[in-house]
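Below you'll find the structure, written out as structure tokens, and then a few comments.
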Amino acid sequence: MRSYFVADVETTGVRHTDKIVELCFIEINDSFELLSQGESLIDPEIPIPSGASAVHGITNRRVEDEPTIEQYMSMKGNPMLKAHPSVLIAHNASFDFRYLGPWMQDGSETLCTMRLAKKLYPGLDSYKLQALKYSLDLPDVEGDAHRAGADVEMLLNLVSHMSISSGLDLQGLLELSKAPITIEKLSFGKHKDKALKDVPLDYFQWLLKQDNVDADLAASIRKIHPQL
8 MRSYFVADVE
18 TTGVRHTDKI
28 VELCFIEIND
38 SFELLSQGES
48 LIDPEIPIPS
58 GASAVHGITN
68 RRVEDEPTIE
78 QYMSMKGNPM
88 LKAHPSVLIA
98 HNASFDFRYL
108 GPWMQDGSET
118 LCTMRLAKKL
128 YPGLDSYKLQ
138 ALKYSLDLPD
148 VEGDAHRAGA
158 DVEMLLNLVS
168 HMSISSGLDL
178 QGLLELSKAP
188 ITIEKLSFGK
198 HKDKALKDVP
208 LDYFQWLLKQ
218 DNVDADLAAS
228 IRKIHPQL
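Just so you know, the sequence shown maps onto residues 8 to 235 in this note's numbering.
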């Protein structure tokens, strides 16, 4: 049976060189049954910038006697490494997978709850985790926002709500999360707020040659202009 890890990390920043300062995960199966869980502050072995501390409240002093991520995974027998690829469930999952993916089986996948929320609940003012709590009337959780433990509990509530409201199991939610999101308007550049169908073709010809073009935007453009 496939394992799903509802997880969150707090870090020293958002760059690829930044490190984990807190980790929390809850392992569940297809039936939402709890299989294992873990939570710990982590010594990143680099200074925590004040800007990062201002977000999650974790300071250098608080982590100086905590395990490094290597030590934590060793002490716990690396609970995220399974015999078969598993699924990481997170809000903005590509960010968390950057840090947790190396501890998971090759071929593991991500289920991004932010991306999925945009498909299941279009038209909301915000898709941040805290905003979804109020938009969807999710249960209250203990702990502070932007701390791994509270965020994971809220994530679990969110995924459960998504499963009930859509009638999909976790595998179904995973498949839905992978499908392209249709984008109607540009959100940047000289054609900002213009409908894609009204943007000149030569702009898209230039845009699609740029690095790191959003995959959903590219798919939406090619739906209108299949020749690109």
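Built from N, CA and C at the ideal position, the CB exists for glycine as well.
Taking Cβ to Cβ, would you say residue i is nearer than 8 Å to residue j?
| i | j | result |
| --- | --- | --- |
| methionine 121 | histidine 98 | yes |
| valine 16 | isoleucine 33 | no |
| aspartate 147 | alanine 138 | no |
| glutamate 77 | serine 47 | no |
| glutamine 212 | leucine 193 | no |
| glycine 64 | proline 92 | no |
Can you name the residues that DSSP bridges to residue i?
| i | result |
| --- | --- |
| leucine 195 | Per the sequence shown, the amino acid found at residue 195 is phenylalanine instead of leucine. In the DSSP output, where bridge partners are listed per residue, phenylalanine 195 has none listed. |
| glycine 45 | Phe32 |
| valine 94 | Tyr11, Glu116 |
| threonine 18 | Ile27 |
Three-state secondary structure (DSSP) at residue i?
| i | result |
| --- | --- |
| threonine 120 | helix |
| phenylalanine 12 | strand |
| leucine 88 | coil |
| phenylalanine 39 | coil |
| tyrosine 128 | coil |
| leucine 224 | helix |
| aspartate 50 | coil |
| asparagine 99 | coil |
| isoleucine 231 | helix |
| leucine 215 | coil |
Taking its Cβ as the centre, do 16 or more other Cβ atoms sit within 10 Å of residue i, making it buried, or is it exposed?
| i | result |
| --- | --- |
| glycine 84 | exposed |
| methionine 111 | buried |
| tyrosine 106 | buried |
| glycine 179 | exposed |
| proline 51 | buried |
| tyrosine 141 | exposed |
| glutamate 160 | buried |
Please report whether the beta-carbon of residue i lies at a distance below 8 Å from any beta-carbon of chain C.
| i | result |
| --- | --- |
| aspartate 158 | Within the model displayed, chain C is absent; a lone protein chain is all it includes. |
Query raised in the report: Curious, which full-length beta strand (DSSP E) runs of at least 3 residues does the region 133-209 contain?
Result: Complete beta strand (DSSP E) runs here, min 3: none at all.
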